[in-house]
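S.K.: In the order they appear, the protein sequences are chains A and B.
Just so we're aligned: 138 in my numbering is position 151 of the first sequence, and the numbers increase by one with no gaps anywhere.
In short: position in the second sequence from 1, add 871, done, that's my numbering.
Ideal placement from N, C-alpha and C gives every residue a C-beta, glycine not left out.
Encoded as structure tokens, here's the structure I'll be asking about.
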Amino acid sequence: MDREIELRLVVRLKAGDPAAFEAIYEAYRPRLFGFLVRLSRRRDVAEDLLEETWLRLVTRCATLADDARLGPWLFTVGRNLYFSWRRSRAVDESRTSELDPAWPAPERGASPFEAAARSELERRVEAALARLPLRDRELLLLVGVEGLTPSEAAGVCGVPAVTLRARLHRAREKLAAEMDADRAVVRARAG
Amino acid sequence: MTTWEPEDEVAEDLSALRVYDASPERVEQTRARCVAVLTARREAEQARAGRAAPWRAWLEPALVLGLGAVYLAEAVTRALAVYR
């Protein structure tokens, strides 16, 4: 979202303008949901967290700074809610359910071949991401998928930017290793 | 490598991930709840402003009239003092 537009939307949202909320909701909802669903690996949990995050925004919008960055704000709240949920349920990462097997859904507009090839790659990337530890996964999602800068992601995760860059580097290496191993398996099967 | 380089293989793999969204029912439910919160807040603020308005409606003119009368009385008093 253009920064100028975002600043205007923040001012209007603080004044309680529902149209400003609608614009922000449309712009950030899918990104936030994608982050939460890949973090939690459960659609029902992600939907609950998504709703709670947006409710937090509208109940606290009057206290937002005029120059607030909505993306990092929403991801921070969503992430904190997810970790609270984990603590309240004492969720063990290794025991959370796998991604919904119906994902990824067939892509509309793509040819059957393109859809199948893309779905196969997506499935492998989703599976590789899901195998990573949560701390690595969240960094890759924030920076690699959602396009936050490392500094913004550091703010979301509550760690110094230097620490985040080092962790991000390790997370990238782990994902690359997972994908290499997966490609090797695919080649072995094909050969 | 500590910076994100879009041309690398990891970035390429991640770019294959699609954008997901909540179910249409849940999207609408969340939207409705949030709009309701904003609307309720707006109405509460308007009600507060409305309650304050009658109080201001009589106080401000009374204050202006009172100060005006004091000023006028003082001016008349001083003018009479000149001619005495």
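(1) Near Ile11 of chain A, which residues of its chain fall below 8 Å by C-beta distance, leaving aside the five closest residues on each side in sequence?
(2) Just to make sure I have the definition right: I need the residues of chain B whose C-beta is within less than 7 Å of the C-beta of Trp60 of chain A. Which are they?
(3) Which residues, taken in chain order from the stretch 876 to 900 of chain B, show a beta carbon closer than 9 Å to some beta carbon of chain A?
(4) Using a Cβ-Cβ cut-off of 8 Å, state whether Thr948 of chain B counts as contacting chain A.
(5) Along the alpha helix (DSSP H) that carries Tyr891 of chain B, what are the first and last residues, could you check?
(6) Please state the DSSP three-state secondary structure of Asp4 of chain A.
(7) Using a C-beta cutoff of 8 Å, does Val906 of chain B count as contacting chain A?
(8) As a quick exercise: from A:Arg152, A:Leu151, A:Leu127 and A:Ala171, pick the residue whose alpha carbon is nearest that of Glu883 of chain B.
(9) Using beta-carbon positions only, say whether Leu888 of chain B and Glu107 of chain A come within less than 8 Å of one another.
(10) Please check the pair Leu162 of chain A and Val881 of chain B, which I expect to be a contact at CB under 8 Å, by giving their CB distance rounded to whole angstroms.
(11) Against chain B, does Gly131 of chain A count as a neighbour if the rule is that its beta carbon must be under 8 Å from one of theirs?
(12) Within the continuous alpha helix (DSSP H) that includes Thr50 of chain A, where are the two ends?
(13) CB Pro59 of chain A to CB Leu135 of chain A, shorter than 8 Å?
M.R.: On the basis of the supplied data:
(1) Leu(-4), Leu0, Leu44 and Leu57
(2) Residues of chain B with a Cβ closer than 7 Å to the Cβ of Trp60 of chain A do not exist; the shortest Cβ-Cβ separation is about 15 Å.
(3) Asp879, Glu880, Val881, Ala882, Asp884, Leu885, Ser886, Ala887, Leu888, Arg889, Val890, Tyr891, Asp892, Ala893, Ser894, Arg897, Val898 and Gln900
(4) no
(5) Boundaries for Tyr891 of chain B: no alpha helix (DSSP H) harbours it, and the DSSP string shows neither H nor E there.
(6) Three-state DSSP puts Asp4 of chain A in coil, outside helix and strand.
(7) Closer than 8 Å: yes.
(8) A:Leu127
(9) Taking a C-beta distance under 8 Å as the contact criterion, Leu888 of chain B and Glu107 of chain A do not qualify as a contact pair.
(10) 6 Å
(11) Residue contact with chain B for Gly131 of chain A: present (Cβ-Cβ distance below 8 Å to some residue of chain B).
(12) Where Thr50 of chain A is concerned, there is no enclosing alpha helix (DSSP H), given that its DSSP letter is neither H nor E.
(13) In contact: Pro59 of chain A and Leu135 of chain A (Cβ atoms closer than 8 Å).
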